[in-house]
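Numbering (my numbering), first residue to last: -6 to 312.
By construction, the Cβ of each residue, glycine as well, lies at the ideal position given by its N, Cα and C atoms.
The block underneath contains the structure these notes are about, expressed in structure tokens.
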């Protein structure tokens, strides 16, 4: 409706950036997703992490560093806060002593958001969380297309004998029928492996794998344009692991790998999702203890904002 009033982030001239609420972009906090088109939701967890812990603090620091982000996207001319009703719905209360129970709590929490036809933008938290999020997505939408930006394929069968961990979510999601395999794209994979075939499980299942080496020294705009064309109007989920970026740009993460994407390439990939029927996004694996400057969290906050800018229904000033 023309007279609809949209929530606005708190501006730096309204309240100093070091004050105000601790929400994403200092947006209003909502108890539920009722009446919202999109929401930011935190999942503070690191009990699925295999190396350095600390991602339980990710949502809090990403929100803290988001105070610098202004509502209007100067590059793309996106005006998300003139288009969508957005709020921060707080964190999903996980069980930090029980990972399988936590998976259920996350699935139920995301399902409650989806029941209001609200698009969740999830702040992680380790990558385990994407498995129950995809379960909730598939329960509502059926199998989804997936754009997965990461240094790691996260398709292990087990880790220390456990089926659920941050290195297994996309194998579990595939087994549960949450994904449309021919529309799964894994971008930025790199590093060493336990066998020469570590990334071949994905390929064998029909996923498209784009190793980091194929991304070096080039714009990724053509790649995401081709992916967008292949996905078409299929409902799509975007999962962005901050360790997809080279540790020179994002050192605050649990499993860093050299030779990664640049921040510019990450922005290109997200902006290239404009026009897709995105039903949810996440930004995971920010571990503040390993970046005392806050740069990793600043980058993560801005990438989440870029995700908001490409959601269905966002108006652009040149449109």
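Run of the beta strand (DSSP E) containing residue i, from where it starts to where it stops
{"i": "residue 173", "result": "172 to 182"}
Three-way DSSP call (helix, strand, coil) for residue i in this model
{"i": "residue 50", "result": "helix"}
{"i": "residue 202", "result": "strand"}
{"i": "residue -6", "result": "Confidence in residue -6 is poor, its pLDDT being 45 and thus under 50, which makes the residue's placement too unreliable to answer from."}
{"i": "residue 141", "result": "strand"}
{"i": "residue 303", "result": "coil"}
{"i": "residue 192", "result": "coil"}
{"i": "residue 284", "result": "coil"}
{"i": "residue 83", "result": "strand"}
{"i": "residue 238", "result": "strand"}
{"i": "residue 295", "result": "helix"}
{"i": "residue 215", "result": "helix"}
{"i": "residue 251", "result": "coil"}
{"i": "residue 246", "result": "coil"}
{"i": "residue 342", "result": "No answer is possible for residue 342: the residues shown for the chain start at -6 and end at 312."}
{"i": "residue 289", "result": "helix"}
{"i": "residue 207", "result": "helix"}
{"i": "residue 59", "result": "helix"}
{"i": "residue 40", "result": "coil"}
{"i": "residue 17", "result": "helix"}
{"i": "residue 45", "result": "coil"}
{"i": "residue 10", "result": "coil"}
For residue j and residue i, the rounded distance between their alpha carbons
{"i": "residue 214", "j": "residue 187", "result": "32 Å"}
{"i": "residue 116", "j": "residue 189", "result": "33 Å"}
{"i": "residue 201", "j": "residue 185", "result": "19 Å"}
{"i": "residue 71", "j": "residue 183", "result": "32 Å"}
{"i": "residue 127", "j": "residue 5", "result": "36 Å"}
{"i": "residue 45", "j": "residue 83", "result": "25 Å"}
{"i": "residue 149", "j": "residue 109", "result": "33 Å"}
{"i": "residue 161", "j": "residue 223", "result": "26 Å"}
{"i": "residue 79", "j": "residue 29", "result": "6 Å"}
{"i": "residue 102", "j": "residue 85", "result": "6 Å"}
{"i": "residue 206", "j": "residue 69", "result": "28 Å"}
{"i": "residue 209", "j": "residue 137", "result": "28 Å"}
{"i": "residue 310", "j": "residue 90", "result": "47 Å"}
{"i": "residue 231", "j": "residue 114", "result": "10 Å"}
{"i": "residue 39", "j": "residue 94", "result": "14 Å"}
{"i": "residue 274", "j": "residue 233", "result": "8 Å"}
{"i": "residue 170", "j": "residue 199", "result": "13 Å"}
DSSP beta-bridge partners of residue i
{"i": "residue 310", "result": "Residue 310 is not bridged to any residue."}
{"i": "residue 228", "result": "270"}
{"i": "residue 116", "result": "35 and 276"}
{"i": "residue 155", "result": "152"}
{"i": "residue 233", "result": "142 and 276"}
{"i": "residue 22", "result": "81"}
Contact test: residue i Cβ vs the ligand GDP heavy atom, cutoff 7 Å
{"i": "residue 95", "result": "This structure simply doesn't include the ligand GDP, nor any ligand for that matter."}
Residue i - containing alpha helix (DSSP H), residue span
{"i": "residue 337", "result": "This structure cannot settle anything about residue 337, because the visible part of the chain is limited to -6 through 312."}
{"i": "residue 131", "result": "123 to 134"}
{"i": "residue 96", "result": "92 to 107"}
{"i": "residue 256", "result": "256 to 264"}
{"i": "residue 166", "result": "162 to 168"}
Neighbourhood of residue i by C-beta, 8 Å cutoff - its chain only, sequence neighbours within 5 removed
{"i": "residue 236", "result": "143, 144, 145, 243, 246, 247, 248, 249, 250, 253 and 278"}
{"i": "residue 97", "result": "125"}
{"i": "residue 270", "result": "226, 227, 228, 229 and 305"}
{"i": "residue 261", "result": "212, 213, 214 and 217"}
{"i": "residue 288", "result": "242, 243, 244 and 245"}
{"i": "residue 196", "result": "202"}
{"i": "residue 255", "result": "238, 239 and 242"}
{"i": "residue 8", "result": "19"}
Own chain partners of residue i with C-beta closer than 6 Å, once the 5 adjacent residues on each side are dropped
{"i": "residue 74", "result": "-1, 1 and 64"}
{"i": "residue 122", "result": "36 and 99"}
{"i": "residue -6", "result": "Note on residue -6: pLDDT 45, under 50, position unreliable in the model; no value is reported."}
{"i": "residue 81", "result": "16, 17, 20, 22 and 33"}
{"i": "residue 240", "result": "249"}
{"i": "residue 13", "result": "3 and 19"}
{"i": "residue 27", "result": "109"}
{"i": "residue 284", "result": "244 and 245"}
{"i": "residue 194", "result": "148"}
{"i": "residue 180", "result": "142 and 203"}
Minimum Cβ-Cβ distance from residue i to chain B less than 8 Å
{"i": "residue 166", "result": "No chain B appears in the structure shown, which is made up of a single protein chain."}
Beta-carbon contacts of residue i that lie in its chain and below 7 Å, excluding the five residues immediately before and after
{"i": "residue 281", "result": "47, 50, 51, 54, 245 and 290"}
{"i": "residue 293", "result": "55, 235, 276 and 279"}
{"i": "residue 76", "result": "306, 307 and 308"}
{"i": "residue 302", "result": "66, 69, 71 and 73"}
{"i": "residue 295", "result": "62"}
{"i": "residue 264", "result": "69, 299 and 303"}
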